[in-house]
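Residue numbers in the sequence shown follow UniProt numbering, run continuously in steps of one, and reach 255 at the last position.
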Amino acid sequence: QAMLPAFPFFNPRATDASNVGAEWLKWISRFENFVIACGIKEDARKTALLLHYIGEEVHEMFASLPDIPAPSPTPATDSTVQSSTPTTSRSPLYDAARRKLDGHFAPRVNATFEVYRFRQAKQLHNESLDAFYARLRQLARNCSFSNADDEIKNQIVLATSSSRLRRYAMQHALDLPGILKQGRLFEEVERDASIIEQESSQSSDKQEAHAVRQGSSPLQPRQYKQNKKTEPGTSKKPLENKECYNCGRSWPHSG
Numbered sequence: 001q002a003m004l005p006a007f008p009f010f011n012p013r014a015t016d017a018s019n020v021g022a023e024w025l026k027w028i029s030r031f032e033n034f035v036i037a038c039g040i041k042e043d044a045r046k047t048a049l050l051l052h053y054i055g056e057e058v059h060e061m062f063a064s065l066p067d068i069p070a071p072s073p074t075p076a077t078d079s080t081v082q083s084s085t086p087t088t089s090r091s092p093l094y095d096a097a098r099r100k101l102d103g104h105f106a107p108r109v110n111a112t113f114e115v116y117r118f119r120q121a122k123q124l125h126n127e128s129l130d131a132f133y134a135r136l137r138q139l140a141r142n143c144s145f146s147n148a149d150d151e152i153k154n155q156i157v158l159a160t161s162s163s164r165l166r167r168y169a170m171q172h173a174l175d176l177p178g179i180l181k182q183g184r185l186f187e188e189v190e191r192d193a194s195i196i197e198q199e200s201s202q203s204s205d206k207q208e209a210h211a212v213r214q215g216s217s218p219l220q221p222r223q224y225k226q227n228k229k230t231e232p233g234t235s236k237k238p239l240e241n242k243e244c245y246n247c248g249r250s251w252p253h254s255g
């Protein structure tokens, strides 16, 4: 018996009610890519997999959802043109099931709330500009922006963690590709400079540590004692032995 490939079930309770529509659209897009990757083309099998992976709760209410008729063909669309999703008219069972689920979840996309989420997005610490851009692109999908690129560009300028990029973007008339290109350049320069400074600091620390080790046991200067004599019974300064210039004996003469 063949095992079903692993894929996460759709959980409508994993997010708040105002966002479940956006989560559904994201999940169904991933599911249809998953079906293509598995090489599953048979209509009945695709439908069965969809009804399995939507989870027990959604599967139970699926039968009570109203059927939604297929949209009428338009001059710009024919049976040979695929929609924005991997579904085609060659999968009538799957398409009908998808329409029922879209009709239940998709209208619950709150565009105002999605715009709010987009405006609240800020670049996180240690998040690359490309990762921030990808996150904004995902958030913009449900905002119904007339020009998503301009909105994303403005949000990058306002919410980037790089003050250098923000100042540069405000001084130059850059489009979205221009800001992304300049931001990547700034990140590369910052990364390279950080490596150089770190290696330089480590080298300086090693030199200081070596100098400390060398100076921790300095050679002590040798102590030389003078040949001094002290007069008995006195604490006067000891007399030093000197030579007599006449006879060469010790001075003063002892007798």
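Glycine residues also receive a C-beta, built at the ideal position from the N, C-alpha and C atoms.
In angstroms with no decimal places, state the Cα-to-Cα distance between residue i and residue j.
i    : j    : result
Y133 : E127 : 10 Å
V166 : I156 : The question names Val, but residue 166 is Arg in the sequence shown. Near 8 Å, if we compare the C-alpha coordinates of I156 and R166.
G178 : A131 : 16 Å
S200 : V189 : 16 Å
N110 : R98  : 20 Å
N154 : F118 : 11 Å
D43  : D95  : 9 Å
G39  : W27  : 19 Å
P218 : E187 : Legend: pLDDT at P218 = 49, less than 50; position of this residue unreliable, value from coordinates given subsequently. Rounded to the nearest angstrom, the two C-alpha atoms are 48 Å apart.
A173 : L185 : 17 Å
P12  : F62  : 13 Å
H125 : T160 : 10 Å
L158 : G103 : 36 Å
S64  : G55  : 15 Å
E197 : Q182 : 22 Å
S146 : T47  : 34 Å
V58  : Q202 : 59 Å
R45  : S144 : 34 Å
Y116 : F10  : 24 Å
P5   : I36  : 13 Å
I68  : A121 : 36 Å
T74  : S29  : Legend: pLDDT at T74 = 47, less than 50; position of this residue unreliable, value from coordinates given subsequently. Between T74 and S29, the C-alpha separation is close to 24 Å.
F31  : K100 : 16 Å
P92  : K41  : 12 Å
S194 : N19  : 41 Å
M3   : Q171 : 58 Å
By Cβ distance, which residues of its chain are closer than 6 Å to residue i, with the 5 residues on each side in sequence left out?
i    : result
E23  : T15
F7   : F34, Y53
N142 : A22, V109, E114
What residues in its chain sit with their C-beta under 8 Å from that of residue i, if we drop five residues either side in the sequence?
i   : result
Q1  : Bear in mind that a pLDDT of 48 at Q1, under 50, signals an unreliable position, so the number given afterwards is only what the model happens to contain. None.
R90 : D43
Does the ligand ADP have even one heavy atom less than 8 Å from the beta-carbon of residue i?
i    : result
T160 : Ligands in the displayed structure: none, and consequently the ligand ADP is not present.
On the DSSP bridge assignment, give the partners of residue i in chain order.
i    : result
E243 : S250
Residue j and residue i - do their beta-carbons sit closer together than 9 Å?
i    : j    : result
S163 : Q123 : no
L180 : L129 : yes
L25  : F113 : no
A169 : I152 : no
A148 : R137 : yes
D192 : L176 : no
In this structure, does DSSP put residue i in helix, strand or coil?
i    : result
V109 : coil
E42  : coil
E127 : coil
L174 : coil
D150 : helix
S92  : With the sequence shown as reference, residue 92 is identified as Pro, and Ser is not the correct amino acid for it. Here P92 sits in helix by DSSP.
I68  : coil
R141 : coil
T160 : coil
G183 : helix
L4   : coil
A63  : coil
N33  : helix
F132 : helix
When the cut-off is 9 Å and only beta carbons count, does residue i lie next to chain B?
i  : result
P5 : The structure shown has no chain B; it contains just one protein chain.
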